[in-house]
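Written below as structure tokens is the structure these notes are about.
2 protein chains.
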Amino acid sequence: MPAPSQKHDVFQAIADPTRRQLLRLLADKEMPVTIISRHFPMSRTAVSKHLRILANAGLVKEQKVGRETRYRLQPEPLIELKQWLSFFERFWANKLSMLKHYVENEEIDGLKLVESKHEEQEPKE
Amino acid sequence: MPAPSQKHDVFQAIADPTRRQLLRLLADKEMPVTIISRHFPMSRTAVSKHLRILANAGLVKEQKVGRETRYRLQPEPLIELKQWLSFFERFWANKLSMLKHYVENEEIDGLKLVESKHEEQEPKE
DNA sequence: ATTATATGAAACCAAATGGTTTCGTGTCAA
DNA sequence: TTGACACGAAACCATTTGGTTTCATATAAT
Chain V
1 MPAPSQKHDV FQAIADPTRR QLLRLLADKE MPVTIISRHF PMSRTAVSKH LRILANAGLV
61 KEQKVGRETR YRLQPEPLIE LKQWLSFFER FWANKLSMLK HYVENEEIDG LKLVESKHEE
121 QEPKE
Chain H
1 MPAPSQKHDV FQAIADPTRR QLLRLLADKE MPVTIISRHF PMSRTAVSKH LRILANAGLV
61 KEQKVGRETR YRLQPEPLIE LKQWLSFFER FWANKLSMLK HYVENEEIDG LKLVESKHEE
121 QEPKE
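Printed below as a string of structure tokens:
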């Protein structure tokens with residue numbers, strides 16, 4: 001059993017906005033540290049530390065190639081997040097109030113909502 | 001427009017394990033601070049501060065009733081998390097490796113996996 | 001062989017975080 | 001009215017966090 005020595009948990013790893021941006025950046029391309037750090041307003045070393053935290057959480061995989069270390073997304077640990085979320089879905093599943101958010105944000109899970117005919121309405125009390 | 005003064009964002013709010021436990025606890029029942037704090041190995045004041053952070057993130061609603069303040073889950077901001085996650089789903093959607101996690105964790109999104117007949121198989125290379 | 005590049009490690013620092021104890025105040029009960 | 005209860009605010013503290021700069025080392029290029 002591998003047991004990836006997860007010193008940092010996923011929840012903490014994604015708490016930082018820089019790290020979330022890193023995950024997006026490394027989602028489809030593999031990149032070396034120097035190139036990565038060009039996308040951020042901080043030192044290479046700082047970015048490197050963020051990458052280490054992501055790696056500890058298993059969210060990113062590093063591969064040494066010559067003198068550079070390339071990083072890429074490893075999305076598997078996000079499953080834990082999804083599972084955690086799924087617990088709460090039963091609490092909003094029937095809530096009209098969520099609709100508001102759907103509308104405000106226009107898109108959810110890649111699906112865009114379109115105008116409906118207000119078939120469901122608040123009773124007029 | 002209400003604009004809930006979100007000083008703390010959702011990602012940071014759920015980063016702490018105590019706060020995640022709080023959300024679960026307050027998911028179905030509304031509870032006053034003192035009762036809530038009995039579930040945690042720390043002072044009432046500490047729990048109170050966690051509740052404030054959750055409230056600032058909009059994840060919990062407080063209602064004053066007499067001398068007590070009752071808290072309850074407000075799941076709406078979790079939408080943001082779900083949306084964030086949805087971005088990454090396209091990166092694991094086709095990955096066999098996720099299957100491993102499904103099996104290991106037995107359950108995903110409230111659906112339990114059952115034995116299949118291995119209709120899909122890895123080609124034998 | 002020498003120089004330039006890519007990187008991590010280390011030492012350091014300010015600010016945020018997660019906790020404590022103490023105190024003041026509003027509310028309920030006798 | 002006098003207490004007991006529920007709570008938040010404040011002051012305080014240790015540790016963690018997110019950043020810096022400097023230095024050492026491995027690899028690549030000339």
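Here the protein sequences line up with chains V and H, keeping their order. Here the first sequence stands for residues 1 to 125, where the numbers follow the UniProt record's numbering. Here the second sequence stands for residues 1 to 125, where the numbers follow the UniProt record's numbering. A virtual CB, placed ideally from N, CA and C, is assigned to each residue, including glycine.
Going by DSSP, residue 26 of chain H is part of no beta strand (DSSP E) at all; its letter is neither H nor E. Here the C-alpha atom of residue 34 of chain V lies approximately 26 Å from the C-alpha atom of residue 92 of chain H. Look at residue 87 of chain V: its C-beta is under 9 Å from a C-beta on chain H.
The beta-carbon of residue 22 of chain V is placed no less than 9 Å from the nearest beta-carbon of chain H. Contact of residue 63 of chain H with chain V is not assigned, every C-beta pair being separated by 9 Å or more. If you draw a straight line from the Cα of residue 61 of chain H to the Cα of residue 24 of chain V, it is about 32 Å long. Separation of residue 50 of chain H and residue 65 of chain V (C-alpha to C-alpha, rounded to the nearest whole angstrom) is 44 Å.
For residue 30 of chain H, none of the residues of chain V pass the 8 Å Cβ criterion, the least Cβ distance being about 13 Å. Leaving aside the five residues that flank residue 29 of chain V on each side, none in its chain has a CB nearer than 7 Å to its CB.
For residue 73 of chain H, the enclosing beta strand (DSSP E) covers residues 68 to 73.
In this structure, DSSP gives residue 80 of chain H a helical state, which the three-state scheme calls helix.
Ranked by Cα distance from residue 54 of chain V, the first of V:85, V:84 and V:77 is V:77. Annotation: residue 44 of chain H to residue 58 of chain V spans about 35 Å, alpha carbon to alpha carbon. Among the residues of chain V, those whose CB is under 7 Å from the CB of residue 15 of chain H are 11, 12 and 15, following chain order.
Counting the other CB atoms within 10 Å of its CB gives residue 19 of chain V a total of 16 or more, which places it among the buried residues. Nearest CB-CB separation between residue 51 of chain V and chain H: not below the 9 Å threshold. Within chain V, no C-beta atom comes less than 8 Å from the C-beta of residue 54 of chain H; the nearest is roughly 13 Å away. Between the C-alpha atoms of residue 13 of chain V and residue 82 of chain V there is a straight-line separation of about 15 Å. The C-alpha of residue 90 of chain H is placed about 30 Å away from the C-alpha of residue 73 of chain H. Distance from the Cα of residue 87 of chain H is smallest, within the candidate group V:27, V:15, V:8 and V:9, for V:27. If you ignore the 5 residues before and after residue 36 of chain H, its C-beta comes within less than 8 Å of the C-beta of 22, 25, 26, 47, 51 and 71, all in its own chain and listed in chain order.
Residues of chain V whose Cβ lies closer than 9 Å to the Cβ of residue 27 of chain H are, in chain order, 87, 88, 90 and 91. Around the beta carbon of residue 41 of chain H, fewer than 16 other beta carbons sit within 10 angstroms, so the residue counts as exposed.
Put simply, the backbone Cα of residue 17 of chain H is about 36 Å away from that of residue 68 of chain V.
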